[in-house]
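Working notes, beginning with the structure itself.
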Amino acid sequence: MKRETSVDLLALAAGALFAAGLALSGMTNPSKVLGFLDLGGSWDPSLGCVMGGALAVHSLAVRWQRRQARPIFADRFSLPEQRDIDRRLVGGAALFGVGWGIAGYCPGPALVSLVSGNLGCIVFVLSMLLGMGLVSRRGRSSGAAASFQA
-9 MKRETSVDLL
1 ALAAGALFAA
11 GLALSGMTNP
21 SKVLGFLDLG
31 GSWDPSLGCV
41 MGGALAVHSL
51 AVRWQRRQAR
61 PIFADRFSLP
71 EQRDIDRRLV
81 GGAALFGVGW
91 GIAGYCPGPA
101 LVSLVSGNLG
111 CIVFVLSMLL
121 GMGLVSRRGR
131 SSGAAASFQA
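Residue numbers (my numbering): -9 to 140.
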């Protein structure tokens, strides 16, 4: 089996596991997400447990990664180089939070939820892709590197 095929299969398996985790935890259910964000009403703290579990797994993975000379399937680790907190980062985080609070979706769970055929989810994902495309185009036209590629 070619190395690229192995990497692709591993990525597919990781994505499937992530999607299953999102579905089982309820993060694909907008009302569950909105219940977590509703601190003044009927607050549902269960999503905080999911996030705490994700942070625990991530912290273990980071500890393991720091002890490795290089990744298993690449020549070097691809880690963010920019560490500054600037207006673009804060603005993007605020926009993400507002969108999450309005729609009850963030990108990963929305992509998993597409299989439901829910019109609200489809509109959210199409809007997200449009926004990503606009930001990517703006980054290319201004000579600045976009933080992601659509």
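Backbone N, C-alpha and C fix where the C-beta goes; we use that ideal spot for every residue, glycine too.
In this text, all values refer to a predicted model and were calculated from it rather than measured experimentally.
Item	Value
Where the alpha helix (DSSP H) through Val102 begins and ends	Pro97 to Ser103
Chain D within 8 Å of Phe86, Cβ atoms only	Here there is only one protein chain, and chain D is not present.
Collapsed DSSP secondary structure at Phe63 in the structure displayed	coil
Beta carbon of Cys111 nearer than 8 Å to that of Leu104	yes
First through last residue of the alpha helix (DSSP H) which encompasses Gly42	Ser36 to Arg56
Cβ-based burial, Phe114 [other Cβ within 10 Å; buried from 16]	buried
First and last residue of the uninterrupted alpha helix (DSSP H) at Trp90	Arg77 to Ala93
Distance between beta carbons of Gly94 and Leu24, contact taken as under 8 Å	5 Å
Buried or exposed (CB count within 10 angstroms, at least 16 for buried), Pro20	buried
Three-state secondary structure (DSSP) of Lys(-8)	coil
Per-residue burial, Thr18 [other beta carbons within 10 Å of its own, 16 or more giving buried]	buried
Given Ala100 as reference, the closest of Leu12, Ser(-4), Thr(-5) and Leu(-1) once Cα atoms are compared	Leu12
For Gly11, the three-state DSSP class (helix, strand or coil)	helix
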